[in-house]
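A.B. asks:
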Amino acid sequence: MKTEQKSMSMKSSITKLATYCAVLVSPLSLFAQTEEPELSKTIQVYSEYKPQISDAARISVNPKVYDTLDLQVNLKYDVATSPLKTDYHIIPLRAVSVKGDRLQELYKGEATVGLGNYMTGLFSLRYMTERSRLRQSGIEFYHQSSTSKLKRKIGEEKIFAGYTTDYFSAYWKRFYDKFTLYTSIKPEYKNFMRYGYQNIETFDGVVYEKKKIRRNVIGLNANVALVSNDTDVDALRYNADVNYDLSFATNPKNIENLVNLSGGLNKAFGRVVAGFDANYEMSILNFQPEDLDSSQFESVLKVLPYAKVGTDDWSLKVGVNASPILGGNTQFKIFPDIAFAYSLPKVKMVPYFNFYGGVSMMSMKDMLEENPYVSDSIMVKPTINKLGFDLGLSGRIKKLVTYNAEFSVKAYDDMYFWIAERHNPVTLGLTNIPVEDINTTYGVVYDNSMLMKAHADLGFLFRKVNCGIEANYYYWQLDTLSYAWYKPVVDATITSRFSILNPNNSKTKLSIEPSAYFLLYQDETNGDGDIAKSCIFDLGLEANYYYNSVLRVFVDVNNILGLRYHRYVDYPCQRANFLIGLSYSFGGHKE
14 MKTEQKSMSM
24 KSSITKLATY
34 CAVLVSPLSL
44 FAQTEEPELS
54 KTIQVYSEYK
64 PQISDAARIS
74 VNPKVYDTLD
84 LQVNLKYDVA
94 TSPLKTDYHI
104 IPLRAVSVKG
114 DRLQELYKGE
124 ATVGLGNYMT
134 GLFSLRYMTE
144 RSRLRQSGIE
154 FYHQSSTSKL
164 KRKIGEEKIF
174 AGYTTDYFSA
184 YWKRFYDKFT
194 LYTSIKPEYK
204 NFMRYGYQNI
214 ETFDGVVYEK
224 KKIRRNVIGL
234 NANVALVSND
244 TDVDALRYNA
254 DVNYDLSFAT
264 NPKNIENLVN
274 LSGGLNKAFG
284 RVVAGFDANY
294 EMSILNFQPE
304 DLDSSQFESV
314 LKVLPYAKVG
324 TDDWSLKVGV
334 NASPILGGNT
344 QFKIFPDIAF
354 AYSLPKVKMV
364 PYFNFYGGVS
374 MMSMKDMLEE
384 NPYVSDSIMV
394 KPTINKLGFD
404 LGLSGRIKKL
414 VTYNAEFSVK
424 AYDDMYFWIA
434 ERHNPVTLGL
444 TNIPVEDINT
454 TYGVVYDNSM
464 LMKAHADLGF
474 LFRKVNCGIE
484 ANYYYWQLDT
494 LSYAWYKPVV
504 DATITSRFSI
514 LNPNNSKTKL
524 SIEPSAYFLL
534 YQDETNGDGD
544 IAKSCIFDLG
554 LEANYYYNSV
564 LRVFVDVNNI
574 LGLRYHRYVD
584 YPCQRANFLI
594 GLSYSFGGHK
604 E
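Numbering (my numbering) for the sequence shown: 14 to 604.
So this is what it looks like as structure tokens:
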């Protein structure tokens with residue numbers, strides 16, 4: 014009996030033990046069969062996370078002042094050497110606006126129309142495709158003209174002084190993994206009047222024909238460029254550019270074919286970057302298109318091998334500039350090409366030094382841009398900068414002020430200077446005028462010279478206002494000439510920009526850009542041999558009212574004080590002139 018009880022007691026203990034184990038195991042089995050929610054899963058980390066940053070390709074070794082504020086002062090005001098200072102420039106899309114402004118919305122197209130005094134008209138139409146990862150293209154048509162008359166002196170009869178600028182441009186870009194391909198074409202047409210005369214008075218029977226003093230310039234520019242965009246630090250970087258300019262001028266007929274080929278290669282070897290740049294410019298100018306033997310030829314080849322080395326604090330470039338000159342006076346020149354800069358991050362200052370030389374050509378197109386009133390059949394020969402150096406200091410003060418001060422000296426062979434020439438007006442369609450009253454155009458003279466220049470500029474950035482000041486002083490030493498004709502002695506520019514935002518409408522804004530320009534230069538004041546310095550002082554104002562994201566109203570005023578001045582003797586510029594217009598953006602935008 015006792016044995017049977019013990020057996021039953023043992024079975025009961027085994028049963029209890031099995032039941033107890035089953036209870037312990039059952040939650041585990043239930044937990045194992047239940048799917049864990051996605052957000053409650055646990056990831057086991059067997060080692061501490063160590064973030065790594067891959068090496069970035071160094072694009073250049075120029076030292077930089079590290080600062081979160083990038084202040085750029087845009088000194089865009091310019092006194093053009095065209096007959097009339099009324100040029101209106103379409104506002105480009107800014108990558109970054111003034112601090113406090115909202116960024117302009119992105120549209121594909123813009124149409125602009127404007128009217129002003131002196132019978133001035135403006136029309137512009139631009140359209141571009143959205144930039145994709147593969148390509149971008151765009152076109153622009155631009156027209157500005159004036160049919161005004163001007164008085165050379167008080168009491169004199171008005172003379173024709175109009176001008177026209179027309180062009181159509183188209184471009185196309187294709188983006189590849191390792192390089193970008195670019196091409197463009199730009200036909201253009203310009204005309205201006207050679208209206209400068211000395212001692213013009215009111216004569217009975219004067220026949221004054223516009224076609225006799227109008228000069229037309231028809232041009233065609235074509236460009237193809239290729240540039241590498243590989244960010245690999247060990248990659249071979251390259252660029253190539255082919256540019257062709259055809260210029261055809263009338264009264265008299267001149268034709269110029271201008272070809273410019275440029276390119277470069279460079280590669281980094283550790284901290285050292287070795288490479289070379291090259292440029293070939295060739296001008297074939299024909300003063301008598303019907304006679305091919307009358308062509309004049311000038312060309313300059315520049316080959317610039319160099320090596321650059323540096324750190325984040327300093328950079329040094331050492332190279333040479335080998336320049337053969339072919340044409341009327343064949344020469345071969347070699348110049349140094351040295352640049353050094355050192356960054357002082359604690360005081361946000363960069364002192365720098367450049368030592369260089371070179372040869373520069375002036376095409377007929379460039380010549381007419383600088384001085385439209387040149388005499389017939391002139392080709393400016395290349396200017397040789399035998400030696401030059403710059404010593405400067407740039408930096409920033411308390412994140413709101415940028416500055417740059419520079420002193421430079423350059424020695425030239427064959428520096429060009431404009432000088433007035435007088436001609437018999439009978440050949441230009443004027444009758445009953447005494448022979449001593451003559452038309453004024455400009456010839457060119459050359460001299461070996463030295464130029465010492467002091468430059469300073471300051472930029473200020475406030476909450477909603479920025480301001481820039483730039484000034485230059487020039488001192489010329491000449492071998493044979495008495496004066497540096499029509500070269501500046503002092504020039505200064507002051508620009509500013511501020512915006513007023515509508516607190517009730519984020520798309521309404523008023524932008525105002527006042528400006529001032531001063532130029533003092535050596536001038537021939539009259540035909541009696543008197544010599545004096547002439548000056549230009551021009552106050553300007555540009556205002557843009559953005560009614561909404563697509564409509565803008567603008568006003569552009571030059572020479573607000575209505576002063577009488579000229580850039581070239583006997584060619585007065587317009588007095589107070591203005592342009593008022595509308596601009597409409599279209600084509601949609603990306604938010």
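Ideal placement from N, C-alpha and C gives every residue a C-beta, glycine not left out. Here the structure is a predicted model, which is why all the values come from computation and not from measurement.
Report the rounded CA-to-CA distance for Asn-242 versus Asn-279, giving the unit in angstroms.
C.D. replies: 13 Å
A.B. asks: For Phe-366 and Leu-339, what's the separation of their Cα atoms in angstroms?
C.D. replies: 31 Å
A.B. asks: With DSSP run on the structure shown, which of helix, strand or coil describes Glu-526?
C.D. replies: strand
A.B. asks: How is Ile-226 classed by DSSP in three states: helix, strand or coil?
C.D. replies: Three-state DSSP puts Ile-226 in a helix.
A.B. asks: Mind checking Phe-475: buried by the 16 CB within 10 Å criterion, or exposed?
C.D. replies: exposed
A.B. asks: How far does the alpha helix (DSSP H) with Lys-378 in it extend, from its first residue to its last?
C.D. replies: It spans 377-383 - the alpha helix (DSSP H) in which Lys-378 sits, taken as one unbroken run.
A.B. asks: Just verifying my parser: in three-state terms, what is the DSSP assignment at Ala-497?
C.D. replies: Note: Ala-497 maps to coil in three-state DSSP.
A.B. asks: DSSP puts Gln-12 in a beta bridge; with which residues?
C.D. replies: Because the chain spans 14 through 604 in this model, residue 12 falls outside it and cannot be assessed.
A.B. asks: Are the beta-carbon atoms of Lys-321 and Lys-330 separated by less than 7 Å?
C.D. replies: yes
A.B. asks: I'd like to check one pair, Ser-598 with Val-563: are the Cβ atoms closer than 7 Å?
C.D. replies: Taking 7 Å as the Cβ cut-off, Val-563 and Ser-598 qualify as a contacting pair.
A.B. asks: Determine, using beta carbons only, whether Leu-271 comes closer than 7 Å to chain B.
C.D. replies: Chain labels in this structure do not include chain B; a single protein chain is all it has.
A.B. asks: Quick check on the DSSP output: the beta strand (DSSP E) that includes Pro-349 runs from which residue to which?
C.D. replies: 344-355
A.B. asks: At which residues does the beta strand (DSSP E) containing Leu-480 begin and terminate?
C.D. replies: Note on identity: in this sequence residue 480 is Cys, with Leu being the wrong assignment. Looking at the DSSP string, the run of the beta strand (DSSP E) that includes Cys-480 is 478-491.
A.B. asks: Do Lys-378 and Gly-401 have their CB atoms nearer than 7 Å?
C.D. replies: no
A.B. asks: In angstroms, rounded to a whole number, what distance separates the CA positions of Arg-577 and Leu-233?
C.D. replies: 35 Å
A.B. asks: Using the three-state DSSP reduction, which class does Lys-280 fall into: helix, strand or coil?
C.D. replies: strand
A.B. asks: Could you give the C-beta distance for Val-363 and Gly-408, rounded to a whole number, given that I count them as a contact under 8 Å?
C.D. replies: The pair is a contact, with the Cβ atoms about 6 Å apart (cut-off 8 Å).
A.B. asks: Output needed for Met-374: all residues of its chain with C-beta closer than 7 Å, excluding positions within five of it in sequence on either side, in chain order.
C.D. replies: Glu-294, Ser-296, Glu-311, Val-313 and Pro-395
A.B. asks: Let me check understanding here. Comparing Cα to Cα, which of Asn-292, Lys-224, Trp-431 and Phe-531 lies closest to Ile-391?
C.D. replies: Closest by C-alpha distance to Ile-391, out of Asn-292, Lys-224, Trp-431 and Phe-531, is Trp-431.
A.B. asks: Roughly how many angstroms separate the alpha carbons of Thr-193 and Ser-495, rounded to a whole number?
C.D. replies: 51 Å
A.B. asks: Counting along the chain, where does the beta strand (DSSP E) carrying Val-363 start and finish?
C.D. replies: 362-373
A.B. asks: Going by beta carbon distance, what residues of the same chain come within less than 7 Å of Asp-504, once the five residues before and after it are set aside?
C.D. replies: Asn-485, Phe-531 and Leu-532
A.B. asks: Say whether the stretch 570-584 touches the stretch 133-152, bearing in mind that this needs 3 or more beta-carbon pairs closer than 8 Å, one atom from each stretch.
C.D. replies: They do not touch, by the three-pair rule.
A.B. asks: Relative to the C-alpha of Gly-127, which residue among Gln-157, Ser-197 and Pro-358 is closest?
C.D. replies: Gln-157
A.B. asks: Cβ of Glu-123 within 6 Å of any heavy atom in the ligand HEM?
C.D. replies: In the structure shown, the ligand HEM is absent, as is every other ligand, since no ligand is present at all.
A.B. asks: How would you label Lys-546, buried or exposed, when you count the other beta carbons within 10 angstroms and need 16 or more for buried?
C.D. replies: Lys-546 counts as exposed, since fewer than 16 other beta carbons sit within 10 angstroms of its beta carbon.
A.B. asks: Whose CA, out of Glu-201, Pro-501 and Ile-525, lies closest to the CA of Phe-511?
C.D. replies: Here the closest residue by C-alpha is Ile-525.
A.B. asks: Going along the chain, which residues of its own chain have a beta-carbon closer than 7 Å to the beta-carbon of Thr-454, five neighbours each way excluded?
C.D. replies: Arg-207, Tyr-386, Val-387, Ser-388, Glu-434 and His-436
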